[in-house]
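Here the structure comes first, spelled out in C-alpha cells, and everything after it is commentary.
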Amino acid sequence: MSRTLKIALGVLLIAIFIVGPADLTGFGIPWTGLKRYGTYILTLWLVTAVAAMGVNLIVGYAGQETLAQAAFLGIGAFTTTLLQKAGLPFGLCFIASGLVCFLVGIILGFPALRVQKHYLAFVTLAFSVFVWLVIRNEEWLTGGVNGIQGIKRPVLFGISLRPALYYYWLVLTLTAVLTGMMWWLLRSPWGRAFTALRENSVRAESLGIDVRGYTLMAFAIGSGYGGFAGAMYAPLVEFIDPSPFALGASLQYLLMVVAGGAGSFVGPFVGAAVSVLLPEWLRFAEGFYLIIFALLVMLLMAFCPTGIVGLFERLTTKARRPHADDKGPTLGTGTGSTTVAGSKS
Amino acid sequence: MTDFIQLIIAGLATGAIYALAAVGFTLLWQTSQTINFAQGEFVMLPAFFCLAGIKFFGLPFPIAALVAILLSMLVLGVIFKFAVVDPLMKQGTLPLVISTIGLAILLREGVKETYSAEAQRFPSFFPNVNLGTAGFNVSADQVGVLIVATGTILLLAWFLASTKTGRQMQATAQNPTVARILGVNVERMVLYTFLINGALAAMASLLISPIYLAKFSSGETLGLVAFVAAIVGGFNQVRGAIVGGFLVGIIDNLVAAYVSSTYRQAVPLALLVLIILLRPQGLLGRAEERAV
C-alpha cells in the first residue's frame, strides 16, 4: 500500500468514526446514524480500548503480565465519581483518575518488579481482589454492593454532553489524544527501550537500560490508562458498582489484548472490539456466547498466538508470498523438552 | 480456648483440601511450566461429574464418586494435556496462560449452561455426628476429610520419593534434558503428572463440595486459594504446597472468626504479597536459578 493511499484510508476512517453514529439526513445524506444503544456500545468499545492499550503497553511492549486492569478501571471510575460529587469539573477528575492510577501503579510495581516476571502477575492478582473487596465493603465511600447512582455526564463550554452522541464525541476526542500519546511514547527512545526489554532484557541491561526503572514506568503508565478509561466509563454507564471491576474482568482485559494481538498498536482496538461487540453479535446464543468466546480464544492461541492482528498479517503475507516463513526457527518444539534454560524465566 | 482448637481443626480440614489442589498446581508447574489458571475450575468440575452420575445414570454415590475421579483423570488429565497444553507448549508461557484462562471460562459456563446455575447440595462420605464431648464440637466430617486428604497427600509423597516412577517424575521436573539422557521416558512422566493432577483435583472436589456446596462459580475462590497456597509454600516444591495449603486453611478460618469476615479473602492475599516481597521462593522453596 502506498503512503498516500494509507493516509487517505486513515482520514476516511477517522471521518467515519466522527460522523458515523450521527444522523445525517439533515445534510441530505440518507443515513440516520446509530440508535442510542449503538452509540453506547461504540463508546464502550473506545473506553475498553483505552484500558486495553494500557495492558498492551505492559504485556505487549514491556513483556510483563498484569491481572489488575479492571481494578485500575475501578479506581479511576470511583475517583472521577467521588471528585465529581465534590464539585470538581470533569477535566480535573479525568486527569486525577489517571494520575492516581499511575501513582498506585508505581507503589504496586516497585516492590513486585524486584523479583522475576510472573511475580508481577501474582501481586497484581492479589491487588485486584483486594481493590474489589474494598469497593464492596467500604459502603461509606463506594456505596458497597449498591454502588453509586446518578453519575453526571460532563458539561463542556456550557453544552451538556448528556446525549449519547455528544458524550461519544468527547470520548472519541480523549481516546484520540491518548492514542496519540501512546503512539508518541512508543516511537520515543522510551518506547524503544520497552521493546528492547521484551526482546532480550539481559542484552538491554548490558546496553545501559535501567530494566527495572523502565518496566516500572511501563506498568505505571499502562495502569494510568486504566484510570483514564475508568474516568470515561463512570459517566458513560452513569451507575457504578463493584462487579465490573472484579478479578474476572481483569483476566478479560489480558485475554482481549492477547487475542487482539499483544505488541501490535491496533491489537487493543481489535481485542476490545471482539470483547465488546462479539457478545452483541452472539445475542442469539444467549448464555453460550461466553463458551464460544472461550473456545475461539483457545483456538486462536493454539494456532496463532500473535492474535487476530497476527492472523490477518499472516493471511495477507501468505497471499503475496506463497512460501513466506512467518515465524523464525523455534527452538525445542517438543513437549516437555522445552526446558532448556531460557524458557523457564 | 476450645473455640480456638475447633477453629484450628476446621482450618486443618479445609487446609488439607486446599493442599490437594495446590500440590496438583505445583506438579503441573514443575513438569510442564504450565501456570494453570483453570485449577479452581478443575476442582469445581468433578463434583458435577459425580452429581450427573447420580442424577442421570442412577449410580449409587460411592460408584459415582469413583467414576468422577476416573473421568477427571481422563478429561482434566489426558484431554487437557493433549488438546490444550501440548499444542501451546511451543508458543510460550503467555499464550498458554491465556488459554487456561479461556478454559476456566469454558468449564464454568459449560457447567452453568448444561447442569445448573444454582448451588447444589452434595452428599458426604462421612456420617453427620459429633465426635467431641459437650461444648467441644468436632464433626466426623472434619476428621474424615482431614484423614482422607492427608492420607492422599502422604501416599503421593511416598510415591514421589520412594518408587522408581516417582523418582523419575522428580527427575523430569528438575531437569528434563538430563532425565532424558539418563533414560527416563520424559513424555510419559509428564502425562503421569497430568493424571495425578486430575485425580487430586477430583479428590479435592469430592471433599470440599459437601462443605461449601457445588456451584459453577466456586472455582474462582478455590483457584485463588490453590494459587496462594502454592506460591506461599514455595512454587517449586511439593511439600511447600502442602504447608501452604494447611497454612491458608488455618489462617482463613481464624481470620473469619476473629478479625473480619468481609475481608476474609484479603488475608491470604496479603500473606502472598508479603511472601513475594520477603521470600520470593516461598517458605520452603529453593531459589530458582536465573536462566541466564
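Going down the list, the protein sequences come from chains L and G.
So this note's numbering is basically just the index in the first sequence, starting at one, shifted up by 170.
So this note's numbering is basically just the index in the second sequence, starting at one, shifted up by 41.
Backbone N, C-alpha and C define an ideal beta-carbon position, used for all residues, glycine too.
Find out if the Cβ-Cβ distance for the pair G/Phe167, G/Ala181 is shorter than 7 Å. Here residue 167 of chain G corresponds to residue number 126 of the second sequence, with the count starting at 1. Here residue 181 of chain G corresponds to residue number 140 of the second sequence, with the count starting at 1. Taking 7 Å as the Cβ cut-off, G/Phe167 and G/Ala181 qualify as a contacting pair.
Step through the CB atoms of chain L and report whether any lies within less than 7 Å of the CB of G/Thr191. Within the second sequence, the letter at position 150 stands for residue 191 of chain G. Closer than 7 Å: no.
Against chain L, with Cβ distances strictly below 7 Å, would G/Ser140 count as a contact? The residue you call residue 140 of chain G lines up with position 99 of the second sequence. Yes, because at least one Cβ of chain L sits closer than 7 Å to the Cβ of G/Ser140.
Could you check the C-alpha separation between L/Thr202 and G/Gln132 for me, to the nearest Å? Along the first sequence, one-based indexing puts residue 202 of chain L at 32. Along the second sequence, one-based indexing puts residue 132 of chain G at 91. Between L/Thr202 and G/Gln132, the C-alpha separation is close to 46 Å.
Along the chain, where does the alpha helix (DSSP H) containing L/Ser376 start, and where does it finish? Residue mapping note: residue 376 of chain L aligns to position 206 of the first sequence, counting from 1. Here the alpha helix (DSSP H) through L/Ser376 covers 371 to 376.
What is the C-beta distance between G/Ala202 and G/Thr141, in whole angstroms, given that I count them as a contact (C-beta under 8 Å)? On the second sequence, position 161 is the one that residue 202 of chain G refers to. On the second sequence, position 100 is the one that residue 141 of chain G refers to. Actually they are not in contact, since the Cβ atoms of G/Ala202 and G/Thr141 sit about 29 Å apart, beyond 8 Å.
Please classify L/Arg373 as buried or exposed, where buried requires at least 16 neighbouring CB atoms within 10 angstroms. Counting from one through the first sequence, the residue named residue 373 of chain L turns up at place 203. By the 10 Å Cβ count, L/Arg373 comes out exposed.
8 Å Cβ cut-off: residues of chain L touching G/Lys153: Taking the second sequence and counting its residues from 1, the one referred to as residue 153 of chain G is at position 112. By Cβ distance, chain L contributes Gly457.
Examine chain G for any beta-carbon lying closer than 7 Å to the beta-carbon of L/Tyr207, and answer yes or no. Working through the first sequence from its first residue, we reach residue 207 of chain L at position 37. Output row for L/Tyr207: interface = no.
For the stretch 292 to 314 of chain G, list every residue whose C-beta sits within 7 Å of some C-beta in chain L, in sequence order. Thr303, Tyr304, Gln306, Ala307, Leu310, Leu313, Val314
Going by other Cβ atoms of all chains shown within 10 Å of its Cβ, with 16 needed for buried, is G/Gln306 buried or exposed? Locating residue 306 of chain G in the second sequence gives position 265, where the first residue counts as 1. Result: buried.
Residues of its chain near L/Phe272, where Cβ-Cβ distance is below 8 Å and the 5 sequence neighbours each way are ignored: Taking the first residue of the first sequence as 1, we reach residue 272 of chain L at position 102. Closer than 8 Å at the Cβ level, and outside the excluded window around L/Phe272, lie Ala390, Ile391, Ser393, Gly394, Gly397.
With a cut-off of 8 Å, do at least 3 Cβ pairs link the stretch 359 to 377 of chain L to the stretch 318 to 326 of chain L? no
Are any of the Cβ atoms in chain L nearer than 7 Å to that of G/Glu82? The residue given as residue 82 of chain G occupies position 41 in the second sequence. For G/Glu82, the answer is no, since every Cβ of chain L falls outside 7 Å of its Cβ.
Start-to-end residues for the alpha helix (DSSP H) that takes in L/Gln254: By one-based count along the first sequence, residue 254 of chain L stands at place 84. From DSSP, the alpha helix (DSSP H) with L/Gln254 extends over 239 to 255.
Check for me: the alpha helix (DSSP H) holding L/Cys263 runs from which residue to which? Taking the first residue of the first sequence as position 1, residue 263 of chain L is located at position 93. That run of the alpha helix (DSSP H) goes 260 to 282.
Between G/Ile272 and chain L, is there a C-beta pair that is closer than 7 Å? Position 231 of the second sequence holds residue 272 of chain G. For G/Ile272, the answer is yes, since a Cβ of chain L falls inside 7 Å of its Cβ.
Pull up the DSSP beta-bridge partners for G/Gln161, would you. The sequence position of residue 161 of chain G within the second sequence is 120, counting from 1. DSSP output for G/Gln161 lists G/Ala255 as bridge partner(s).
Would G/Phe287 pass as a contact of G/Gly99 if the rule is Cβ separation under 7 Å? Residue mapping note: residue 287 of chain G aligns to position 246 of the second sequence, counting from 1. Residue mapping note: residue 99 of chain G aligns to position 58 of the second sequence, counting from 1. The answer is no: Cβ separation not under 7 Å.
To which residues of the same chain is G/Met244 closer than 6 Å at the C-beta, ignoring the five residues directly before and after it? Position 203 of the second sequence, counted from the start, is the residue given in the question as residue 244 of chain G. Closer than 6 Å at the Cβ level, and outside the excluded window around G/Met244, lie Leu61, Thr193.
Is L/Leu326 helix, strand or coil when you go by DSSP? The count along the first sequence starts at 1 and reaches residue 326 of chain L at position 156. Reduced to three states, the DSSP call for L/Leu326 is strand.
Please classify L/Phe398: does DSSP put it in a helix, a strand, or coil? Locating residue 398 of chain L in the first sequence gives position 228, where the first residue counts as 1. L/Phe398: helix per DSSP, three-state reduction.
Three-state class that DSSP yields for G/Asn169 in the structure shown: Looking up residue 169 of chain G in the second sequence gives position 128. The answer is coil: DSSP assigns G/Asn169 none of H, G, I, E or B.
Do L/Gly437 and L/Gly477 have their C-beta atoms within less than 7 Å of each other? Position 267 of the first sequence holds residue 437 of chain L. Position 307 of the first sequence holds residue 477 of chain L. Taking 7 Å as the Cβ cut-off, L/Gly437 and L/Gly477 qualify as a contacting pair.
Have a look at G/Thr234 and G/Thr303 and give me their C-alpha separation to the nearest angstrom. Position 193 of the second sequence, counted from the first residue, corresponds to residue 234 of chain G. Position 262 of the second sequence, counted from the first residue, corresponds to residue 303 of chain G. Straight-line Cα distance between these residues: approximately 37 Å.
Measuring alpha carbon to alpha carbon, tell me which residue in L/Leu367, L/Arg284, L/Val270, L/Met402 is nearest L/Val229. Translated into positions along the first sequence, residue 229 of chain L becomes position 59. Closest by alpha carbon: L/Leu367.
At the 7 Å Cβ level, is L/Gly498 part of the contact set with chain G, yes or no? Start at 1 with the first residue of the first sequence, and residue 498 of chain L comes out as number 328. The predicted position of L/Gly498 is uncertain, since its pLDDT is 42 and thus under 50; a value taken from the coordinates is nonetheless stated next. For L/Gly498, the answer is no, since every Cβ of chain G falls outside 7 Å of its Cβ.
Per-residue contacts from G/Gln161 into chain L (C-beta, under 9 Å): The residue given as residue 161 of chain G occupies position 120 in the second sequence. The premise fails here: G/Gln161 is roughly 18 Å from chain L at the closest Cβ pair, so nothing lies under 9 Å.
In chain G, which residues lie less than 9 Å from L/Val293 when you measure between Cβ atoms? Sequence index remark: in the first sequence, residue 293 of chain L carries index 123 (1-based). Neighbours of L/Val293 on chain G, chain order: Leu313, Val314, Ile317, Leu318.
In angstroms, rounded to a whole number, what distance separates the CA positions of L/Val427 and L/Gln239? Locating residue 427 of chain L in the first sequence gives position 257, where the first residue counts as 1. Locating residue 239 of chain L in the first sequence gives position 69, where the first residue counts as 1. Near 11 Å, if we compare the C-alpha coordinates of L/Gln239 and L/Val427.
Please look up how many angstroms separate the CB atoms of L/Leu269 and L/Met352, rounded, as I've assumed it's under 8 Å. Locating residue 269 of chain L in the first sequence gives position 99, counting from the first residue. Locating residue 352 of chain L in the first sequence gives position 182, counting from the first residue. In fact, because the Cβ distance is near 17 Å, the residues do not count as touching under 8 Å.
Distance check for G/Leu48 and G/Ile291, CA to CA, integer angstroms please. On the second sequence, position 250 is the one that residue 291 of chain G refers to. On the second sequence, position 7 is the one that residue 48 of chain G refers to. So the two alpha carbons sit approximately 8 Å from each other.
Since L/Ala241 and L/Phe292 should fall inside the 8 Å C-beta cutoff, what is the C-beta to C-beta distance between them, to a whole number of angstroms? Numbered from its first residue, the first sequence carries residue 241 of chain L at position 71. Numbered from its first residue, the first sequence carries residue 292 of chain L at position 122. Wrong, their Cβ atoms sit about 14 Å apart, outside the cutoff.
Give me the residue from G/Val284, G/Ala297, G/Glu150 with the minimum Cα distance to G/Ala63. For the purposes of this step, residue 63 of chain G is identified with residue 22 of the second sequence, where counting begins at 1. Comparing Cα positions, the closest option is G/Val284.
Would L/Met471 pass as an interface residue toward chain G - the criterion being a Cβ-Cβ separation below 7 Å? Translated into the one-based positions of the first sequence, residue 471 of chain L becomes position 301. Yes, because at least one Cβ of chain G sits closer than 7 Å to the Cβ of L/Met471.
Check whether G/Gly260 and G/Glu82 have beta carbons under 7 Å apart: Translated into the one-based positions of the second sequence, residue 260 of chain G becomes position 219. Translated into the one-based positions of the second sequence, residue 82 of chain G becomes position 41. Against a cut-off of 7 Å, the Cβ pair of G/Glu82 and G/Gly260 comes out as a contact.
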